[in-house]
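For reference, the structure discussed in these notes is given below.
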């Protein structure tokens, strides 16, 4: 079985895209990758804290954690007590651990997925509709990956989606997936999932924290106020590929149709569509 751990970038004011990020990993490799991330944290802290699970890998929190100037009794991040240089090193090594991970079976690799939907992509859509579209695309790509493993490599695997807690949206997401498992909508019917998505506390598993790293990297890549491709570039080669084309990360923007967006996902998508047209028989 493949486990797809998913997180979203959160709601941000302004013209920021809605972003989903995830890692699909075979059940046989889940514990190994979690241990790698634990080791990164312990190595950089220089000790094994009794509350290791509280040192969650959340990119935005780790980069921005600060001690309050005046103690008003409010809860502060555990990372506020860790030097910024240490936090930065942990993030860097965590991204490297994901990018360089080797599975027990090379035919069953860990792969990443990402979807970014700009606010001006179908500007008539509500935030709810943008989210629904992002989930439909992400889960559709996961389903296609599972189908490809079954048909091309004779490695049948079901998939299970595990999402970080989203109390407000959990029922909506489960309802959407239940519908997509029965009928094909815009992307296609989900035929390889074992059940509707489950939701869990990110503190309980490093794999949900890795999903946070993926969504953060994609979000920063398209952040209009302070864009940064550093983390995104580190994990780009880990997004799911079919043949030689990267299909696991998609950017939905009006600029794609105009041929104006030169980001890596749009470039790959354009090349894939051109290759598909070239393979299609011409009609007279």
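Numbering (my numbering), first residue to last: 559 to 842.
Virtual Cβ for every residue (Gly too), placed ideally from N, Cα, C.
The structure displayed is predicted, hence computed values, not measured ones.
Could you tell me whether the Cβ atoms of residue i and residue j are closer together than 8 Å?
{"i": "residue 591", "j": "residue 659", "result": "yes"}
{"i": "residue 760", "j": "residue 612", "result": "no"}
{"i": "residue 652", "j": "residue 598", "result": "yes"}
{"i": "residue 562", "j": "residue 693", "result": "no"}
{"i": "residue 739", "j": "residue 751", "result": "yes"}
{"i": "residue 678", "j": "residue 785", "result": "no"}
{"i": "residue 668", "j": "residue 583", "result": "yes"}
{"i": "residue 718", "j": "residue 753", "result": "yes"}
{"i": "residue 774", "j": "residue 575", "result": "no"}
{"i": "residue 641", "j": "residue 632", "result": "no"}
{"i": "residue 617", "j": "residue 649", "result": "yes"}
In whole angstroms, what separates the C-alpha of residue i from that of residue j?
{"i": "residue 816", "j": "residue 610", "result": "48 Å"}
{"i": "residue 832", "j": "residue 818", "result": "16 Å"}
{"i": "residue 564", "j": "residue 769", "result": "5 Å"}
{"i": "residue 814", "j": "residue 799", "result": "20 Å"}
{"i": "residue 716", "j": "residue 748", "result": "11 Å"}
{"i": "residue 705", "j": "residue 604", "result": "44 Å"}
{"i": "residue 776", "j": "residue 647", "result": "19 Å"}
{"i": "residue 821", "j": "residue 789", "result": "14 Å"}
{"i": "residue 566", "j": "residue 639", "result": "26 Å"}
{"i": "residue 810", "j": "residue 782", "result": "15 Å"}
{"i": "residue 666", "j": "residue 771", "result": "21 Å"}
{"i": "residue 731", "j": "residue 581", "result": "18 Å"}
{"i": "residue 589", "j": "residue 836", "result": "43 Å"}
{"i": "residue 573", "j": "residue 827", "result": "23 Å"}
{"i": "residue 744", "j": "residue 764", "result": "32 Å"}
{"i": "residue 680", "j": "residue 778", "result": "22 Å"}
{"i": "residue 824", "j": "residue 697", "result": "19 Å"}
{"i": "residue 737", "j": "residue 746", "result": "11 Å"}
{"i": "residue 606", "j": "residue 710", "result": "44 Å"}
{"i": "residue 728", "j": "residue 787", "result": "30 Å"}
{"i": "residue 703", "j": "residue 802", "result": "14 Å"}
{"i": "residue 644", "j": "residue 664", "result": "33 Å"}
Along the chain, where does the beta strand (DSSP E) that runs through residue i open and close?
{"i": "residue 582", "result": "576-584"}
{"i": "residue 560", "result": "560-566"}
{"i": "residue 797", "result": "Careful: residue 797 lies outside any beta strand (DSSP E) and carries neither H nor E."}
{"i": "residue 808", "result": "807-810"}
{"i": "residue 722", "result": "717-722"}
{"i": "residue 675", "result": "669-675"}
{"i": "residue 757", "result": "756-758"}
With respect to the alpha helix (DSSP H) encompassing residue i, which residues constitute its N-terminal and C-terminal limits?
{"i": "residue 824", "result": "822-837"}
{"i": "residue 603", "result": "588-603"}
{"i": "residue 793", "result": "788-793"}
{"i": "residue 770", "result": "764-779"}
{"i": "residue 656", "result": "642-657"}
{"i": "residue 707", "result": "685-711"}
{"i": "residue 615", "result": "It is not in any alpha helix (DSSP H) - residue 615 carries neither H nor E in the DSSP assignment."}
{"i": "residue 634", "result": "Taken as a continuous stretch (DSSP letters only), residue 634 belongs to no alpha helix (DSSP H), as it is neither H nor E."}
{"i": "residue 741", "result": "No alpha helix (DSSP H) holds residue 741; DSSP gives it neither H nor E."}
Excluding the 5 residues flanking residue i on each side, which residues of the same chain have their C-beta closer than 8 Å to its C-beta?
{"i": "residue 619", "result": "635, 637"}
{"i": "residue 758", "result": "720, 721, 722, 723, 766"}
{"i": "residue 734", "result": "690, 693, 694"}
{"i": "residue 742", "result": "none"}
Spatial neighbours of residue i within its chain, please: C-beta separation below 7 Å, excluding the five flanking residues on both sides.
{"i": "residue 699", "result": "671, 798, 805, 806"}
{"i": "residue 707", "result": "713, 715"}
{"i": "residue 587", "result": "661, 662, 668"}
{"i": "residue 676", "result": "575, 810, 811"}
{"i": "residue 691", "result": "675"}
{"i": "residue 585", "result": "559, 561"}
{"i": "residue 688", "result": "576, 675"}
Leaving out the 5 sequence neighbours to the left and right, which residues in its chain are closer than 6 Å to residue i when beta-carbon positions are compared?
{"i": "residue 841", "result": "Any reading at residue 841 must be qualified, since the residue scores a pLDDT of 49, below 50, and its modelled position is unreliable; the value itself is stated next. So no residue of the chain qualifies."}
Practice task
Answer yes if the segment 797-812 comes into contact with the segment 660-679, meaning at least three C-beta pairs across the two stretches below 8 Å, and no otherwise.
Solution key: Touching, yes, given that three or more Cβ pairs across the two stretches are closer than 8 Å.
Practice task
Assess, as a yes-or-no matter, whether the segment 790-799 is touched by the segment 652-668 under the definition of 3 or more beta carbon pairs within less than 8 Å.
Solution key: With a cut-off of 8 Å on Cβ pairs, the segment 652-668 is in contact with the segment 790-799, counting three or more such pairs.
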